[in-house]
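K.L.:
There are 2 protein chains.
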Amino acid sequence: MKAEALKGHLDSLLLATVDGGAHHGYAIREALRVDSGGRFDLPSGTIYPALYRLERAGLVVGRWTTVGERRQRRTYELTAAGRTALVEGRSSWRDFAVAVSAVLLAERPAALRPQAP
Amino acid sequence: MKAEALKGHLDSLLLATVDGGAHHGYAIREALRVDSGGRFDLPSGTIYPALYRLERAGLVVGRWTTVGERRQRRTYELTAAGRTALVEGRSSWRDFAVAVSAVLLAERPAALRPQAP
DNA sequence: CTCATTAGGTAGGAACGCTAGCTAACGCAC
DNA sequence: GTGCGTTAGCTAGCGTTCCTACCTAATGAG
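Keeping their order, the protein sequence lines are chains A and B.
The opening residue of the first sequence carries number 28 in the numbering used here; numbering runs sequentially from there.
The opening residue of the second sequence carries number 28 in the numbering used here; numbering runs sequentially from there.
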């Protein structure tokens with residue numbers, strides 16, 4: 028998969044994954060990998076900056092939690108704005124996918140092709 | 028539509044459009060707009076540099092042609108490598124779309140959700 | 001003549017995800 | 001207890017990509 032294919036879609040994927048029950052960076056990474064059938068195996072250098080971005084944008088809130096004795100973990104939840112953005116993101120993904128598929132996978136009978144004049 | 032959603036997909040869209048019968052920049056722009064139902068209304072500052080990129084990559088060949096008396100036009104055709112890249116691009120688009128849809132549009136019954144441990 | 005359309009172009013910048021590195025806790029095998 | 005794989009988080013800096021904002025020029029309609 029081309030590396031930059033993700034651009035512009037990662038945010039929605041992250042929101043969906045957090046909404047789906049993965050609440051900290053590492054779990055999100057794993058969930059994305061599993062849910063995508065191994066296609067999205069993203070490095071942590073992609074995940075963590077993106078989560079900060081979402082937090083700065085007010086779409087998620089993160090807080091430090093402690094696991095076991097000492098282990099620190101940053102746990103994220105969607106905000107109301109995040110839920111709205113997720114709904115919007117799903118819808119615009121559908122739009123985008125329809126548009127790309129129309130161009131890319133179009134059956135284009137010769138008679139309907141735009142003619143180079 | 029988010030602006031950067033295109034990233035990494037434009038090349039395939041352009042190859043498909045050239046293959047579909049639009050052979051110069053302006054016509055490609057129009058064809059993309061029409062074929063996508065108005066969703067891809069790209070500025071020329073996106074199209075022309077992208078076509079140069081494809082030409083540098085050896086996926087299209089461009090040559091200047093003259094229309095009417097004086098009007099110059101740059102006409103593109105797919106190379107063999109371009110046709111290969113288009114096939115590959117269609118296939119990896121399908122992959123990508125399947126993966127994103129799986130994550131984004133998944134019906135995820137509560138019982139199957141990854142639990143935050 | 002004027003304006004919209006057709007046609008091509010460039011400079012510069014912002015955004016994004018990746019590469020390549022790092023630290024540290026935990027649990028298990030040896 | 002030592003070592004290792006996994007879990008967990010983080011950052012600096014880079015390259016690519018597409019967009020914004022401009023520009024020129026020929027053509028054709030009014």
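Cβ coordinates follow ideal geometry from the N, Cα and C atoms, glycine included.
Nearest CA to the CA of LEU42/B: which residue from VAL61/B, GLY109/B, SER63/B and GLU115/B?
P.N.:
Selected option, being the one with the closest Cα: GLY109/B.
K.L.:
Using a 10 Å radius around the Cβ and a threshold of 16 neighbouring Cβ atoms, would you call ARG97/A buried or exposed?
P.N.:
Looking at its Cβ environment, which holds fewer than 16 other Cβ atoms inside 10 Å, ARG97/A is exposed.
K.L.:
Using a Cβ-Cβ distance cut-off of 8 Å, determine whether ARG98/B contacts chain A.
P.N.:
Chain A contact via Cβ: absent.
K.L.:
Spatial neighbours of THR102/B within its chain, please: CB distance less than 8 Å, with the 5 preceding and 5 following residues excluded, ordered by chain position.
P.N.:
Here the set comprises HIS50, HIS51, GLY89, ARG90, TRP91 and THR92.
K.L.:
Going by the beta-carbon positions, is the gap between ALA32/A and PHE123/B smaller than 8 Å?
P.N.:
Cβ atoms of ALA32/A and PHE123/B: closer than 8 Å.
K.L.:
What residue from VAL130/A, SER71/A and GLY48/A has the CA that sits closest to ARG121/B's CA?
P.N.:
Residue VAL130/A is the option with its Cα nearest to ARG121/B.
K.L.:
Please list the partners that SER118/B has in chain A, where partner means a Cβ-to-Cβ separation under 9 Å.
P.N.:
By Cβ distance, chain A contributes nothing, its closest Cβ being about 10 Å from SER118/B, past 9 Å.
K.L.:
Give the DSSP-derived three-state secondary structure of THR106/B in the structure shown.
P.N.:
THR106/B falls in the coil class under three-state DSSP.
K.L.:
Using a beta-carbon distance cut-off of less than 9 Å, what residues from the stretch 49-64 of chain B approach chain A?
P.N.:
Against chain A - using a Cβ distance shorter than 9 Å - the residues of the stretch 49-64 of chain B are ALA49, HIS50, HIS51, ALA54, GLU57, ALA58, LEU59, VAL61, ASP62, SER63 and GLY64.
K.L.:
Under 8 Å between C-beta atoms, does LEU78/B make it to chain A?
P.N.:
Taking Cβ atoms only, chain A never reaches closer than 8 Å to LEU78/B, which makes this a no.
K.L.:
Can THR106/A and VAL87/A be called in contact, C-beta distance under 8 Å?
P.N.:
Yes, these two residues count as a Cβ contact at 8 Å.
K.L.:
Can you find a C-beta in chain A that's less than 8 Å from the C-beta of GLY35/B?
P.N.:
By this cut-off, GLY35/B is an interface position.
K.L.:
Taking 6 Å as the limit between beta carbons, can you name the residues of its chain near PRO144/B, skipping five residues before and five after?
P.N.:
Because PRO144/B carries a pLDDT of 35, less than 50, the predicted location of this residue cannot be relied on, and no value is offered for it.
K.L.:
In chain B, what lies closer than 7 Å to SER39/A by C-beta?
P.N.:
Result: LEU131.
K.L.:
Going by Cα to Cα distance, which pick from ILE55/B, LEU40/B and ASP46/B is closest to ARG100/B?
P.N.:
When only C-alpha atoms are compared, the closest one is ILE55/B.
K.L.:
Among residues of its own chain, excluding the 5 on either side of ILE74/B, which ones have a beta-carbon nearer than 7 Å to its beta-carbon?
P.N.:
Hits under 7 Å: GLY52, ILE55 and ARG56.
K.L.:
What did DSSP end up calling GLY95/B once you bin it into helix, strand or coil?
P.N.:
If DSSP states are grouped into helix, strand and coil, GLY95/B belongs with coil.
K.L.:
Excluding sequence positions up to five away, which residues of its chain have a Cβ less than 6 Å from the Cβ of PRO141/A?
P.N.:
Its pLDDT being 44, under 50, PRO141/A is placed unreliably by the model, and the measurement read from it follows with that caveat. Once the five neighbours on either side are set aside, PRO141/A has no close Cβ partner at all.
K.L.:
Alpha carbon to alpha carbon, how far is GLY48/A from ASP38/B? Give it in angstroms, no decimals.
P.N.:
Their backbone Cα atoms lie some 35 Å apart in a straight line.
K.L.:
Excluding the five sequence neighbours on either side, which residues of its own chain have a C-beta within less than 8 Å of the C-beta of VAL23/B, listed in chain order?
P.N.:
The requested residue 23/B is not part of the displayed model; chain B covers only 28 to 144.
K.L.:
Rounded to a whole number of angstroms, what is the C-alpha to C-alpha distance between SER63/A and VAL127/B?
P.N.:
If I take the Cα positions, the gap works out to 7 Å.
K.L.:
One question on the structure: do LEU132/A and ARG117/B come within less than 8 Å of each other, judged by their Cβ atoms?
P.N.:
Cβ distance < 8 Å, so LEU132/A and ARG117/B count as in contact.
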